[in-house]
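Asker:
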Amino acid sequence: MNPIIIKRFLNKSYLCGILPFATNDLDKVSKDSKTAKSLIANHNETGWDRLYMMFSLDEFGVSSPELHSVFQSGFLGTTLGVIMGGIYRSRNTYRNFIERNQATVFRDHLEAKKKLQDQVTINFGKGAFYWGWRLGLFTSTYVLITTSISVYRGKSSILEYLAAGCITGSCFKMNMGVKGMVVGGLLGSALGGLAGGLSLAILNITGTSMDDVRYWQYKWKQERVKQEQKTFKTYEERKDFPLLKHHNEKIGPAGETLTALDSEPAVNTSH
1 MNPIIIKRFL NKSYLCGILP FATNDLDKVS KDSKTAKSLI ANHNETGWDR
51 LYMMFSLDEF GVSSPELHSV FQSGFLGTTL GVIMGGIYRS RNTYRNFIER
101 NQATVFRDHL EAKKKLQDQV TINFGKGAFY WGWRLGLFTS TYVLITTSIS
151 VYRGKSSILE YLAAGCITGS CFKMNMGVKG MVVGGLLGSA LGGLAGGLSL
201 AILNITGTSM DDVRYWQYKW KQERVKQEQK TFKTYEERKD FPLLKHHNEK
251 IGPAGETLTA LDSEPAVNTS H
């Protein structure tokens, strides 16, 4: 039988799905294609090039997904620090107020409640400020170091988590001297390695990577911004929009006429 006929028969049969016959080059990517060129360009990038792109803004003035994840981590750390620090600092305010004011004579119960509320608010603010900026700075620094090392190396591993934990822990205990920095660095490395190991294990189980996580965080941010712009645009198109209503009264509908300005009386500035 003619080999050409056999090859055509195999191409049209269902055996092609299970047998290792290849009769065309449709799955081969040409080196001149846009995909291949972009892949080669990515391979030619250095670590410093990737870091420069990480800290650069795009043509729309938007930060990179890596830098956006650092901002999100810092905001989340600050929020948790404010809540936890405020609750921790103000939880004993009621008991301390009762113990310190057993012999205090108030005019009525409303004055006593007001004094107690003032103490709770002040202590909550002190605790929120004390722990808020510390935890926010600690979190953002840790994520910034891990992300920078990962971007520079072009891959994620346990190494950047250990280094970030060591550096951040040492800086956090800098006021306690060299011994405090050493202890803080060792403890930070242990906790950073534990957190990094858990993160990498979860990513490995789910079949994703940190680049995928940052990418989808960035896409979710873009979608949120688009929805906000769409909502604001819909609100602007309403006839009762205050800014548009004022514009139509002064200038005219959509700026088509200036009769409103001509009809206004001139203001006499002479004295």
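Residue numbers for the sequence shown follow UniProt numbering, beginning at 1 and rising by one. For glycine and all other residues, C-beta sits at the position ideal for the given N, C-alpha and C.
1) If you drop the 5 nearest sequence neighbours on each side, which residues of the same chain put their C-beta closer than 8 Å to that of SER170?
2) Which runs of the alpha helix (DSSP H) fall wholly inside the region 61-107 and span at least 4 residues, in chain order?
3) Looking at the secondary structure, which residues open and close the alpha helix (DSSP H) in which PHE124 lies?
4) If distances are taken between C-alpha atoms only, which option among THR79, GLY127, ARG214 and THR139 comes closest to ASN92?
5) Is the number of C-beta pairs between the region 194-210 and the region 222-235 that are closer than 8 Å three or more?
6) Assess, as a yes-or-no matter, whether the region 83-98 is touched by the region 121-137 under the definition of 3 or more beta carbon pairs within less than 8 Å.
7) Which word fits THR46, buried or exposed, when buried means at least 16 other C-beta atoms lie within 10 angstroms of its C-beta?
8) On the three-state DSSP scale, how would you describe LEU57?
9) Does DSSP put PRO209 in a helix, a strand or coil?
10) Tell me the DSSP secondary structure of GLU228 in three-state form.
11) Hey, how far is the Cα of GLU99 from the Cα of LYS114?
Answerer: Taking the definition as stated:
1) Non-local C-beta neighbours of SER170 in its own chain, meaning closer than 8 Å and more than five positions away in sequence, comprise MET181, VAL182, GLY184, GLY185 and GLY188, ordered along the chain.
2) 65-90 and 93-100
3) 109-153
4) GLY127
5) They do not touch, by the three-pair rule.
6) yes
7) exposed
8) coil
9) A small correction: the amino acid at residue 209 is Ser; Pro does not occupy that position in the sequence shown. Here SER209 sits in coil by DSSP.
10) GLU228 falls in the helix class under three-state DSSP.
11) 17 Å
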